[in-house]
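What follows is a set of notes on a single structure, which appears directly below.
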Amino acid sequence: MLDIKQDARNFACRVVDLKKEYVLKSETVRALRGVSFDVPEGDYVAIMGPSGSGKSTLLNMLGCLDQPTSGSLWLGGDDVATMNDNQLATIRSQRIGFVFQSYNLIQQLTVVENIQVPLFYQGRSLTREQNKRTYELAKMVGLGERLDHRPTQLSGGQQQRVAIARSLVNNPYFILADEPTGNLDSRTSEEILQLFERLNVEGKTIILVTHEDEVSKRAKRVVRLKDGRLQWDKTNTQEVRDAAAQYAIDNMPVEA
Amino acid sequence: MNLLIGTIQLSIKSLWLHPLRSLLTVLGIFIGVASVIWLLAISKGIGDEAVRQVESLGADTIMIRTVKPPSEKMSSTGLTPYGLMRDEFDMLVATVPTIKSALPIREMRRQFQFKDRKLDGRLVGCTPEYAEVTHLELAAGHFITDTENSALDTHCVLAAKVAEKLFPYEDPLGQRIYLPENKNYYLVVGVLKPKGSSAAIGGSMAAQDFSYDVYIPIKTLQNRIGDTVMSIRPASREGEVIELNQITLRVFDVANVKQTAELVKAALKSHDRMEDIAVVVPLELLEQVRTTQWMFWIFTVMIASISLLVGGIGIMNIMLATVTERTREIGIRRALGAKRFHIITQFLAETSVLSLAGGITGILFGLLCGPTVNLARYIANTFWTEQMSELPQVVQTLQPSIVPESIVGAFAVSIIVGLIFGIYPAIRAAKMSPIEALRHE
Ligand SMILES: Nc1ncnc2c1ncn2[C@@H]1O[C@H](COP(=O)(O)OP(=O)(O)OP(=O)(O)O)[C@@H](O)[C@H]1O
Ligand SMILES: [Mg+2]
């Protein structure tokens, strides 16, 4: 155990024999039946698998939104599996970036305020540094001109970009994204994927869940789940990735 | 600190999403708080006035009044003398040791006339001490004096209204007023300042009005008018034979009041058969007024509690709806690092803002109680002058007096209500698991 803890420092996360069961009235659903894999820092992982295979369940646990029934999950030097609700919340506000399929922005807040929500729950006053960073992030995702807009005034793609800026604001271990392009058209999806790629090049670890082969080919590595188990785990060659990127650009619908 | 300010800002933003809903919720608390302050201020105003009226009778006094006996106790033919006698007055003064001073009083309805101006009022036969005991203040001239009392002089002193009505243009001092029923004149030597009414004494429930009085020495009244008074009315001839209408006693020490009253009642036991006198002890009246006031207060607090309870239930109702409606938002916040504690504070902050807004506006409106009552009365007086003058005197003179404790209390209660009724919805919001909350549509 100690070794894993020591080693964990070099990984964005380490998953060891992770199990998750949902106990319902009539039955027990075994959503994860023992999954193990490591994610080194700077990795770009796509999680695939049929519906119900446990992808979201796994991602929620990586995001400290839920606790495993058994197994360990090492983030930095800590085993998240043993933490209580408050400790998990602290980690979420300090070291997790989550991007959802349905954007999940808060309606009554502006773009800037939405980006700052994780910082707000860290409990300290915003430093000048953090404030500056917020604006830089907004600019980076291309919303520098819309800082005071509300989510309802933005398109889906723009909302998702706000969500990505928000996921970056607390300098997380990794960005978790559950089907981030699921609600977007192909052009907007491509914008988001390019954003992810850029972040990855800059050193960010990214773990995303997707149904689409084209999306998974853009990642460095693909993990496939089936019936709550790891089916396979393979690395995409640079050629595959470049080809997928080129394909996406070639097949982009022409603007009217 | 940042979190606190942020939380409050946030709750205002969230409440602003549904302005009408928030306003209606605030209204519940507002009405509760304002009604506490109003009800207490009005009841205090009425109570204070009652206390003032009783106190103006004097806590160290005892009044014995002649009252008209029930008709079956009167002989059917001729006029039966009844009420207090001059002998009894002398007897009381001689035998009750705790009495400091005693005033004999004789009153009757009379008509007063000056030139062609006529006025119905009350002729009061009294002694010089009367002015002090009943707190009469002079505007001009002097009250009837000892020499006038013994010299059977025909001097008189006018109450403010009498002077005003009979002498609208002239200076009343030195003029003579005429009593047509007795065909005699009295020289005006003094005019009184206007005076508020005193508590009802004797059989009547109405407060005593001093503004239509004319005071003359009691011995003069006895000599020139006598004990028998006939009043001729269109349908019947009525008359009364009374020696004294009232004896006002003052005792040396307030502590002796009740004891002296018992002595006096015992000494006047012979009147029990006729039921023609009543002993009034202002001190006891005062205690009664205080008890009534207490009961009214308890009643007020009950009404106020109910209205605040209703306001609280309103808050709870809205907050429960809000929590359900904002489950998704709660999920997002939890996913981004909010602890249960943060969610609870957020919703409690919202209910606190609602109840605080209700509390503060309620207090502001509560403070307007006095001016509002005056304004309403002013408007009513200008547009419905006649109807207003028929209303009870309390309505016409009421001055609400704000009870400071009611402000503090109402404010505290409104906050407590907000917290108590907000805590359950807040806990319900915080108890949800982040994932389930996120899945909520
Ligand atoms: N809260 C829950 N209670 C009971 N069962 C659950 C719960 N959440 C997930 N499950 C079950 O766990 C299994 C895995 O669900 P999960 O959402 O992880 O699948 P998924 O791979 O993300 O599917 P999809 O591709 O459709 O999103 C499913 O059988 C699901 O019914
Ligand atoms: Mg899923």
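Chains as they are written, first to last, in this note's numbering: chain B, 13 to 268; chain S, -10 to 430. From the three backbone atoms N, C-alpha and C, an ideal C-beta is built for every residue, glycine too. Just so we're clear, the structure is a prediction, and the values are computed from it rather than from any experiment.
8 Å Cβ cutoff, residue i in contact with chain S
i              : result
F186 (chain B) : no
L74 (chain B)  : no
7 Å CB neighbourhood of residue i in its chain, flanking five on each side removed
i               : result
T(-4) (chain S) : T334, Q335, A338
I319 (chain S)  : I332, A418, M421, A426
A150 (chain B)  : V123, V124, I127, G156, L159, A177
S3 (chain S)    : E339
I307 (chain S)  : R10, T14
V402 (chain S)  : L297
H260 (chain S)  : I266
A152 (chain S)  : P161, V180
Sheet register partners of residue i (DSSP bridge)
i              : result
Y431 (chain S) : Limits of chain S in this structure are -10 at one end and 430 at the other, which puts residue 431 (chain S) out of reach.
Y34 (chain B)  : B:V41
S82 (chain B)  : B:K31
E229 (chain S) : S:V218
G240 (chain B) : For G240 (chain B), which the question treats as bridged, DSSP gives no partner whatsoever.
E96 (chain S)  : S:V113
M52 (chain S)  : S:T237, S:V269
L188 (chain B) : B:F110, B:I219
M74 (chain S)  : None; M74 (chain S) has no bridge partner.
D91 (chain B)  : B:W86
K246 (chain B) : B:V234
R26 (chain B)  : B:D50, B:W86
Minimum Cβ-Cβ distance from residue i to chain B less than 8 Å
i              : result
R322 (chain S) : yes
K420 (chain S) : no
I416 (chain S) : no
L427 (chain S) : yes
S0 (chain S)   : no
Listed by chain order, chain B residues near residue i by CB distance under 8 Å
i              : result
L325 (chain S) : R104, S105, F110, V129, P130, Y133, R178
S3 (chain S)   : Q120
L6 (chain S)   : Q119, Q120
K328 (chain S) : D97, N98, A101, T102, Y133
E318 (chain S) : I118, Q119
Proximal chain S residues relative to residue i, where beta-carbon distance stays under 9 Å
i             : result
D90 (chain B) : Neighbours of D90 (chain B) on chain S: none; closest Cβ ~16 Å, over 9 Å.
Beta-carbon proximity list for residue i, same chain, < 8 Å, skipping 5 on both sides
i              : result
G130 (chain S) : V146, L162, V177, V178, G179, V180
Q120 (chain B) : R162
A48 (chain S)  : V243, V246, P271, L272, L275
Q134 (chain B) : S105, Q106, N182
Q113 (chain B) : D190, E191, P192, G194, N195
Under 7 Å from the C-beta of residue i: neighbouring residues of chain B
i              : result
R10 (chain S)  : Those do not exist, as R10 (chain S) stays about 14 Å from chain B at its closest Cβ, beyond 7 Å.
G502 (chain S) : There is no way to answer for residue 502 (chain S), as the model of chain S reaches only from -10 to 430.
Partner residues on chain S for residue i, Cβ-Cβ distance less than 7 Å
i             : result
D10 (chain B) : Because chain B spans 13 through 268 in this model, residue 10 (chain B) falls outside it and cannot be assessed.
Cut-off 6 Å between Cβ atoms - residues of its own chain near residue i, not counting five sequence neighbours on either side
i              : result
E96 (chain S)  : R111, V113, N234
F285 (chain S) : S32
T69 (chain S)  : M63
S341 (chain S) : G407
G300 (chain S) : G17, I18, G21
S0 (chain S)   : A338, E339, V342
Supposed close pair residue i, residue j - CB separation, criterion 8 Å
i              : j              : result
M263 (chain S) : P58 (chain S)  : 5 Å
K232 (chain B) : I187 (chain B) : Contact doesn't hold; Cβ gap of about 14 Å is too wide.
T84 (chain S)  : A256 (chain S) : 7 Å
G347 (chain S) : I18 (chain S)  : 3 Å
L70 (chain B)  : L237 (chain B) : 7 Å
S65 (chain B)  : V111 (chain B) : 20 Å between Cβ atoms; not a contact.
I391 (chain S) : A30 (chain S)  : 5 Å
N72 (chain B)  : I424 (chain S) : 6 Å
is_contact[residue i, chain A] using C-beta, thresh 8 Å
i              : result
L272 (chain S) : Judged by its chain identifiers, the structure shown contains no chain A, and its protein chains are B and S.
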